[in-house]
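Just add 1 to wherever you are in the sequence shown, counting from 1, and you've got the working numbering. The beta-carbon is built from N, C-alpha and C at its ideal position, and this holds for glycine as well. In this text, all values refer to a predicted model and were calculated from it rather than measured experimentally. Structure first, commentary second.
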Amino acid sequence: MFSMLSLNPDDLVLHPPWSDLLSGPLAEVSSISGTIRSSEAVVRARARLDEEREHFARCVQVLHARRNQFCPACLLPVEILVNCFKCLSETDLWTVTAVCRRWREVAVECPSLWNENWKYESPQLLELLLARSKPLPIDISWKQSPSHEDEQVEAIRLALTEIYRVRSIKLDGNRDLISKILPFFNTDAETPYLQVLHLQERDDHTLTGSEPFFHPDIPFLSATGLKSVKICDVAVRMNQLRLPNLVQLHIELSYRIVMDAVFSSSTELLEMLGRMVNLQDLYLNIGPPLAPPQLTDPSSFAVDPEVVASLPWLRTFQLVIPHQSAWITQRFILPSDTLLSLIVHNIPAGEASNLWRLVPKSTCGHVQSNAALKTLRLQDHVSGEIVISGSPLVNDRAILANAGFEFIFAFKKDVVPDILMPILIALGFDSLLKAFTLDDVSFLEAMENNWVYPQAPQRLPWRGLSSRLPSIRSIHLRDATTTKLFLEATDPVNVDCNTPDTPGLEELPTSFFPNLRQLSIASRRPDYETQLRLRSGREPHHENSDELVEWAKNRHERAGVNPIQEIAFCDFGDGLLPPYVRNDLAKHVSQICWGGKLHSSADLLDDSLES
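Have a look at this one:
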């Protein structure tokens, strides 16, 4: 290789007649031909020039290489390069090995870059990853690809040859492919690193009518370090689990034939859960009903050790109740000091009032106040709607900026009154609850004719909520009108909004929810008539009859209660909120949201003055 010192411009000596020809003015073609003595001289001259050109090209390469050595990226220490490589995607990581020799050496010799999230289908590539990741634990994530089934099976077999290094396994495929892979699990090898095992089978046994393949015992389920297990429609016996060590459990059994292969009875399921003393996160969807034990006294569910699962360290509990199987909600004892989230789906309407049995209780059976619970999400089997988890959203923005706790309900018709107050009272959220959401509570079906409200048993006890929950700051009503909110607060009986003697907002104490600051209203039928019912059936164009404005004004002027800062009308367009209503509200609230936009009251007042 040429060095920098070998590059000397004086080394290039051009002998006559070429030196005179190239250094002087270009002569005429006729004179040039006279200087050429023979064809051999021309060939030698061209060869000499080619050699000099190649020599200079190599010198330029050396110059570029030595110049690049002064680049900051080349001066980074190995540990900094490794941390940078860990931020790259899988594709970019393979590219790094082709940048330069040093980067390739650093990447190849660092096992921590090659031991996570294996999703490759090629056995050859997997073999390379196994070699580069030694001796660190490895993570395998695999989802079926119909066009590469044979290669996928071979790749999984190859990975499981080093099962002692596997830290997590996540497999998702149909029954045939899962059946080909699970025999590789039958090994007596130690699995000291295995912590996560997720098996998901995607066959619809109900539609195909096929029997599920009962997989043999899986030694992995008895791994001492196993902490997270997810079983979705895979027929494996769950009694192999090392229950005391399990922290997360996700069981989803959508078909009766699969469930019968996993659990022989509901008692076996509940006994298994009861032995998981360290369980923190539980998702339970057992599809069709299990046969409940024959118990004569339902009140004994909380004390009978054979059918009650006590979960002392549980943080999150998500339960999908099987159809006509509300009995399962009465079989759990939840902690009062660690439970953060309770989510229950498919609650039968007739059993909603029994859901309070899930409320944490002390050992003596008394209800305890729960200071840890942050989210309670309830959904019945009728509405089938997906309620936003986390803070409720209004026009794609959170209305609960500093909510310390929230309720999210998704119930229809007469279910809410049966369940709302018992849970609130049982949980003891006098000072903790800052916001709640009620979904589908306007009962529009019962208000079609003359806007007649339901009888007392179907009404929401707003006055009781107001006195019981003084710390409420935000209320979000989905498919509800403000008329429903305010008139129900006066406890009317069979109220007709079209009668002149309808109890109105003037009978409602201004201290109703004294800390309320944000009110959100969303209607599935945002027609003009529905919106004008804000005035409780009175003359819609008479400004003095606007009770919502009057109530906001009283809140703004009265000491001892917080003024309303924001009122949001979801799904109401510009033409459905009259300008005079907006302008009047702007005098007493800080912000008004309608038509998908948030408007400052100051801007609204300025616009009204200009117009």
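The alpha carbon of residue 165 has as its nearest neighbour, out of 157, 171, 181 and 194, the alpha carbon of 194. Residue 135 counts as exposed, since fewer than 16 other C-beta atoms from the protein chains shown sit within 10 angstroms of its C-beta.
C-alpha of residue 515 to C-alpha of residue 343: approximately 28 Å in a straight line.
Bridge pairing for residue 144: 173 [DSSP]. In the same chain as residue 138, and ignoring 5 residues on each side of it, the C-beta atoms closer than 8 Å to its own belong to 116, 166, 167, 168 and 194, in chain order. Of all alpha-carbon atoms in 550, 77 and 274, the one lying nearest the alpha-carbon of residue 568 is that of 550. When the beta-carbon positions are compared, residue 171 and residue 141 come within less than 8 Å of each other. Rounded to the nearest angstrom, the Cβ distance from residue 315 to residue 340 is 6 Å, consistent with a contact under 8 Å.
For the options 106, 162 and 318, the alpha carbon positioned closest to that of residue 184 is the one of 162. In this structure, the CA atom of residue 202 is about 9 Å from the CA atom of residue 177.
Between residue 250 and residue 280 the beta-carbon gap is near 6 Å, inside 8 Å, which marks them as a contact. Residue pairing by DSSP puts residue 167 in a beta bridge opposite 139. If you look at residue 584, you'll find it in the alpha helix (DSSP H) that goes 580–587.
Under the three-state reduction of DSSP output, residue 321 falls in the strand class. Scanning 109, 145, 143 and 150 for the CA closest to the CA of residue 132 turns up 109. Within the model, the alpha-carbon separation for residue 87 versus residue 74 is close to 16 Å. A residue is called buried when at least 16 other Cβ atoms come within 10 angstroms of its Cβ; residue 101 does not meet this threshold and is exposed.
DSSP places residue 57 in the helix class (H, G or I) of the three-state scheme. Around the C-beta of residue 81, fewer than 16 other C-beta atoms lie within 10 Å, and the residue is accordingly described as exposed. Taking C-beta separations shorter than 8 Å and ignoring five residues to either side along the sequence, the partners of residue 99 in its chain run 105, following chain order. Residue 314 sits in coil when the DSSP states are folded into three classes, being neither helix nor strand. If you draw a straight line from the Cα of residue 94 to the Cα of residue 77, it is about 18 Å long. Looking at the DSSP output, residue 88 shares a beta bridge with no other residue. Remark: C-beta atoms of residue 602 and residue 590 approach each other more closely than 8 Å. Straight-line spacing of the CA atoms in residue 155 and residue 282 works out to 34 Å. Classified as exposed, residue 44 has fewer than 16 neighbouring CB atoms from the shown chains inside 10 Å of its CB. Rounded to the nearest whole angstrom, the C-alpha separation of residue 65 and residue 173 is 50 Å. For residue 246, the secondary structure class from DSSP, reduced to helix, strand or coil, is helix.
Listed in chain order, the non-local C-beta contacts of residue 246 below 6 Å within the same chain number zero, local neighbours out to five positions each way being set aside. Contact annotation, residue 196 with residue 144: C-beta distance approximately 20 Å; criterion of less than 8 Å not satisfied. Judged by beta-carbon spacing, residue 200 lies within the 8 Å limit of residue 235, meaning their Cβ atoms are closer than that value.
Residue 46 carries a helical assignment under DSSP once its states are collapsed to helix, strand and coil. Counting along the chain, residue 100 sits inside no beta strand (DSSP E), nor does DSSP assign it H or E at all. Collapsing the DSSP output to three states places residue 569 in a strand. Scanning its chain for C-beta atoms nearer than 6 Å, with the 5 sequence neighbours on each side dropped, one finds no residue around residue 55. Residue 127 sits away from residue 89, with the two beta carbons spaced by 8 Å or more.
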